[in-house]
Amino acid sequence: MGSRASTLLREEEIEEIKKETGFSHSQITRLYSRFTSLDKGENGTLSREDFQRIPELAINPLGDRIINAFFPEGEDQVNFRGFMRTLAHFRPVEDNEKNKNPTNSEPLNSRTNKLLFAFRLYDLDRDDKISRDELLQVLRMMVGVNISDEQLGSIADRTIQEADTNGDNSISFNEFIKVLEKVDVEQKMSIRFLH
Amino acid sequence: MEDVWAGALWALRVWLYLIVGLIMIPAMFGFSLGISETYMNILVKTLEWATLKIQRVNTVERTRNASASNSLIQRGNGSMEKELGELRRSRPKPPVGGDFTFSDCFYFTRKGIESIVEDEVTQRFTSEELVSWNLLTRTNDFQYISLKLTLVYGLGIFVRYCILAPLRITLALIGLSWLVIGTSAVGFLPNSSVKSWLSEWVHVMCYRICARGLSATIHYHNRENIPKKGGICVANHTSPIDVVILCNDACYAMVGQIHGGLMGVLQRAMVRSCPHVWFERAEMKDRHLVTKRLTDHVNDKTKLPILIFPEGTCVNNTSVMMFKKGSFEIGATIYPVAIKYDPKFGDAFWNSSKYSMVSYLLRMMTSWALVCNVWYLPAMHQQVGEDAVQFANRVKSAIAHQGGLLDLQWDGGLKRAKVKETFKEQQQKEYSSMVVGDDSNSD
């Protein structure tokens, strides 16, 4: 099926995606074949339902938030290009990419972009701030019914307090970066792509 | 004009004589003239040659061959506890308020993205990707490599569609009608040992003819463990052909729902000569009735072993999925069997949501051949203190291990149904206990 996919994907498109995402030619064609097998409507785009059909994703407590990250605001379809752009956040950072000509715009898999992806999982209303309420909602998704409102509330309060430096009771992206500065984001937000 | 007709008739007669003489008679008595062995030898040589050719031209292909696995990513397989522990290493555990950090979401995110790129379930219901091209356009597309290879490919199409396919279709038709006629005829005999002996002979003979109709080359291993009367034979399930494969070597009582159409005719004929366990659609829903009839059958030591595919759905032969516990509740001796097809010669997986039964069979008959290994495993019994689910899992692991298949916990029913909410709740529960600790769970 791998080579069947390549016949439907034009060489120029592959080149463009390669440039934008840093994936290799064979990775792109193989991810395209994955994309088409997920695309049950066979219309060249994926819907939220297409993602939800993956059982492992459906049981992921943050599954809905991860799926949401593939869809630009207000849209409910994602094409292959957009699919690849989101996946590219999870390419490992290679040594030769770290300080490649700084004039270029930042690669999708940079530390900052990986963190931005995580930040947006919490930022439900996309206002570039994580409020206490948003944090509570995401926490609830992660823990289900197993922790009381009260206890969850105190976890949220403590987490906000720890990270909030300007006292507005919410977390900005800069505060988010600061609080995670010691975490090995490059490794923990990367997937080992082979080939 | 008459000459043409006479010629055609003559050709047809020779064709039939050849089939009867070279294939039917050997099939009836279970010996071989070595024709299919020769064919297989030529085939193996050709495919080896083609692989070599492709590799020489295509260096990319060669690097892909070099890595043993065919997967796109290497999945992290650490437990939630271990992975989250690593994420939290950089910060001390807070004294109050539960253990949560923003980076906890990294774990779920990575798991989620990995499952989008590659997952354990949906990929089991599509054809397996081959590492090298087998000169069939189904699993990989046609690729121009060299003139020679293209010619061989063209020759292959001719042989498969113009010689093998008509031959195989004729054989399958003969085999199936023989089965209906033979079993119906045997059904008129009074119950006796002669009847069951004849019935077994007719069954095996018909399945042998059908197997030749698929050019099946089957290697049976450990035949000393062959399922015995009064037991249940459980096997992994790839396609309806599994039945033909297993019945080539022994007779089984089949369990299933009465179908309409061609299948129904076959089922009704077969049950006349030998006690298969067929259920009406409505009866299938009544679990007690099903269990009772199976128990009755197993307890009658004169009856053939029951053949069951506890996965309940066809999986693409790379893995074994959850076994339904029903057949393990009866307490009968279980005879596990592992079936592994060689995908190089043709893809045996029946993607039932994509192809109908007939078009699937036609695809099989226009493939190169059906090569498979069957392993009979030693009989297994439920152990003391083991419930049906645990027993089912133990049998499944044994089959997976023997067949070189991946042992999965997932329910094959996910092919059509959505995953149960309880699995997500399990994940949430596990995570919660990492946040507040096991003992302080407060609801």
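Chains A and B supply the protein sequences, listed in that same order. Its first residue numbered 1, the first sequence is counted upward by one per residue in the UniProt record's numbering. Its first residue numbered 1, the second sequence is counted upward by one per residue in the UniProt record's numbering. Glycine is no exception: its CB is placed at the ideal position from the N, C-alpha and C atoms.
Rounded C-alpha distance that separates residue i from residue j
i, j, result
"VAL234 of chain B", "VAL395 of chain B", "9 Å"
"ILE147 of chain A", "GLN137 of chain A", "13 Å"
"SER67 of chain B", "GLN55 of chain B", "Because SER67 of chain B carries a pLDDT of 40, less than 50, the predicted location of this residue cannot be relied on, and the following value inherits that uncertainty. Looking at the two C-alpha atoms, the distance is approximately 14 Å."
"LEU289 of chain B", "GLU283 of chain B", "7 Å"
"LEU377 of chain B", "ASN222 of chain B", "7 Å"
"ARG168 of chain B", "LEU262 of chain B", "18 Å"
"PHE176 of chain A", "VAL121 of chain B", "35 Å"
"GLN27 of chain A", "ILE130 of chain A", "35 Å"
"SER71 of chain B", "ILE181 of chain B", "48 Å"
"GLU61 of chain B", "LEU135 of chain B", "Note that GLU61 of chain B scores a pLDDT of 45, beneath 50, so its modelled location is shaky; the value from the coordinates is reported in the next line. One C-alpha to the other measures close to 15 Å."
"GLN187 of chain A", "LEU130 of chain B", "31 Å"
"GLN428 of chain B", "ALA58 of chain A", "13 Å"
"LEU12 of chain B", "LEU46 of chain A", "53 Å"
"ARG272 of chain B", "SER184 of chain B", "6 Å"
"ALA250 of chain B", "LEU164 of chain B", "27 Å"
"THR63 of chain B", "GLU128 of chain B", "Summary for THR63 of chain B: the model assigns pLDDT 46, below 50, so the residue's position carries little reliability, and this model does not support an answer."
"residue 468 of chain B", "GLY41 of chain A", "Chain B is shown only over 1 to 443; residue 468 of chain B falls outside these bounds and no answer can be derived."
"GLY264 of chain B", "MET270 of chain B", "10 Å"
"GLU2 of chain B", "TRP15 of chain B", "20 Å"
"GLY82 of chain A", "LYS415 of chain B", "27 Å"
"ARG158 of chain A", "PHE100 of chain B", "9 Å"
"TRP410 of chain B", "LEU189 of chain B", "46 Å"
"ASN65 of chain B", "LEU38 of chain A", "The pLDDT assigned to ASN65 of chain B is 41, lower than 50, so where the model puts this residue is not dependable; a value taken from the coordinates is nonetheless given after this. Spanning the two alpha carbons is a distance of roughly 25 Å."
Neighbour list for residue i in chain B, Cβ cutoff strictly below 7 Å
i, result
"VAL143 of chain A", "GLN428, TYR431, SER432, VAL435"
"GLY63 of chain A", "GLY112"
"GLN77 of chain A", "The premise fails here: GLN77 of chain A is roughly 16 Å from chain B at the closest Cβ pair, so nothing lies under 7 Å."
Check whether residue i and residue j have beta carbons under 9 Å apart
i, j, result
"ALA69 of chain A", "ARG120 of chain A", "yes"
"LYS45 of chain B", "GLY63 of chain A", "no"
"SER196 of chain B", "THR302 of chain B", "yes"
"ASP104 of chain B", "ARG88 of chain B", "yes"
"THR366 of chain B", "TYR161 of chain B", "yes"
"HIS89 of chain A", "ASN60 of chain A", "no"
"PHE193 of chain A", "PHE35 of chain A", "no"
"ASN299 of chain B", "GLY403 of chain B", "no"
"LEU180 of chain A", "ALA156 of chain A", "no"
"ILE232 of chain B", "ILE339 of chain B", "no"
"SER192 of chain B", "ALA348 of chain B", "no"
"ARG124 of chain B", "SER432 of chain B", "no"
"SER334 of chain B", "HIS381 of chain B", "The residue asked about is misnamed: residue 334 of chain B is Ile in this sequence, not Ser. Their beta carbons are under 9 Å apart, which means ILE334 of chain B touches HIS381 of chain B by this criterion."
Cβ-based neighbour list, residue i, same chain, cut-off 7 Å, excluding 5 preceding and 5 following
i, result
"SER352 of chain B", "CYS314"
"ALA369 of chain B", "MET40, LEU43, SER215, THR217, PHE345, GLY346"
"LEU149 of chain B", "ALA50, LYS53"
"GLU329 of chain B", "THR291, ALA388"
"GLY412 of chain B", "GLU311, GLY312, THR313, VAL315, MET321, MET322"
Nonlocal neighbours in the same chain, by C-beta distance under 6 Å from residue i, ignoring five residues either side
i, result
"ASP371 of chain B", "Before going on, a small fix: residue 371 of chain B reads as Val here, not Asp. So the qualifying residues of the chain are THR217, ASP342, PHE345."
"MET205 of chain B", "MET28"
"ARG212 of chain B", "ILE23, ALA27, LEU171"
"CYS274 of chain B", "SER199"
"MET434 of chain B", "LEU84"
Beta-carbon proximity list for residue i, same chain, < 8 Å, skipping 5 on both sides
i, result
"PHE323 of chain B", "VAL234, PRO310, GLU311, ALA392, ASN393, VAL395, LYS396"
"GLU280 of chain B", "GLN257, ILE258"
"ARG75 of chain B", "GLU114, GLU118"
"PHE106 of chain B", "LEU87"
"ILE191 of chain A", "PHE90, ARG91, PRO92"
"ARG140 of chain A", "LEU152"
Interface partners of residue i on chain B, CB under 9 Å
i, result
"MET84 of chain A", "Ordered by position in chain B, no residue passes the 9 Å Cβ test against MET84 of chain A, which lies about 11 Å from the chain."
Residues that residue i contacts on chain A, provided the C-beta gap is smaller than 7 Å
i, result
"GLU280 of chain B", "Under the 7 Å cutoff, chain A gives no residues; its nearest Cβ is about 32 Å from GLU280 of chain B."
"GLU114 of chain B", "ILE191"
"GLU283 of chain B", "The contacting residues do not exist; GLU283 of chain B stays about 30 Å from chain A at best."
"LEU289 of chain B", "The contacting residues do not exist; LEU289 of chain B stays about 31 Å from chain A at best."
Buried or exposed (CB count within 10 angstroms, at least 16 for buried), residue i
i, result
"TYR17 of chain B", "exposed"
"HIS297 of chain B", "buried"
"ALA332 of chain B", "buried"
"TYR355 of chain B", "exposed"
"VAL436 of chain B", "buried"
"ALA417 of chain B", "exposed"
"GLN426 of chain B", "exposed"
"VAL185 of chain A", "buried"
"GLU106 of chain A", "exposed"
"ALA398 of chain B", "buried"
Amino acids of chain B, ordered along the chain, whose beta-carbon sits closer than 8 Å to that of residue i
i, result
"ALA88 of chain A", "Under the 8 Å cutoff, chain B gives no residues; its nearest Cβ is about 11 Å from ALA88 of chain A."
"PHE23 of chain A", "Within 8 Å Cβ-Cβ: nothing; PHE23 of chain A doesn't reach chain B, min ~11 Å."
Within chain A, partners of residue i - CB distance below 9 Å
i, result
"ARG110 of chain B", "PHE90, LYS188, MET189, SER190, ILE191"
"ASP119 of chain B", "ILE54, PRO55, GLU56, LEU57"
Amino acids of chain A, ordered along the chain, whose beta-carbon sits closer than 8 Å to that of residue i
i, result
"LEU72 of chain B", "GLN27, ARG30, LEU31, ARG34, PHE193, LEU194, HIS195"
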